[in-house]
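Structure, as structure tokens:
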Amino acid sequence: MSRDRVIAWFRSALDAVEPRVLTAAALAGGGPGATVIAIGKASRAMALGAADALGTVAGVCVSDSSGEVPEGMELLVGDHPIPGPASFRAGRRALEAARACEGRCIVLLSGGGSALCEQPLPGVPEEFVSDVTRALLAGGASIGETNLVRGHLSAIKAGGLARAAGGTV
865 MSRDRVIAWF RSALDAVEPR VLTAAALAGG GPGATVIAIG KASRAMALGA
915 ADALGTVAGV CVSDSSGEVP EGMELLVGDH PIPGPASFRA GRRALEAARA
965 CEGRCIVLLS GGGSALCEQP LPGVPEEFVS DVTRALLAGG ASIGETNLVR
1015 GHLSAIKAGG LARAAGGTV
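Residues in the sequence shown are numbered consecutively from 865, following the numbering used here.
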């Protein structure tokens, strides 16, 4: 097997899972406009895919890095892998955007989102969420185990963001 053939297969596999393309395809024909809340390491690409499919979008994009997002979307960069001040600011904005939505709210989630965008439940200090995450990761907990615990502390996880939405999710 030639090196060029292996590289071609690899590129084909990457193209098949490109977040912008997959998101645009999933939302194609969904009608114009929506509030989009995109969270995670692939959030910017997913938000661009949503705009490709829907035209005009508004909302919040929470990523691990700065870069291009559709016009009308606010970009926030959160902390990763331990939620920190930027993650909590992003979480507040994501909840605000969900609550303000009166029509269709499209939530796009990818890996890393659980740390990048967080808002504790009332009465749970932000520092506690950070400390718990740090302890779980240092203790060897899997991401599934970590997210299970964090879901019980979060106003966003475990359906919290969907429950906050004022429109159809």
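Using N, Cα and C, we set each Cβ at its ideal position, and we do this for glycine too.
Remember, predicted model here, so these are calculated numbers, not experimental data.
Remark: C-beta atoms of Gly1030 and Lys1021 do not approach each other more closely than 7 Å.
Counting along the chain, the unbroken beta strand (DSSP E) around Glu938 starts and ends at Met937 to Val941. Under the Cβ criterion (8 Å, minimum of three pairs), the segment 935 to 949 counts as touching the segment 988 to 1007. Restricting attention to Glu932, Pro984, Phe952 and Ala906, the CA atom closest to the CA of Val971 is found in Ala906. Looking at the DSSP output, Leu1000 shares a beta bridge with no other residue.
Within its own chain, the residues whose Cβ lies closer than 8 Å to the Cβ of Asp943, once the five positions on either side in sequence are excluded, are Pro949, Ala950, Ser951, Ala979 and Leu980, listed in chain order. Three or more beta-carbon pairs drawn from the segment 899 to 914 and the segment 959 to 973 are found closer than 8 Å, and the two stretches are therefore classed as touching.
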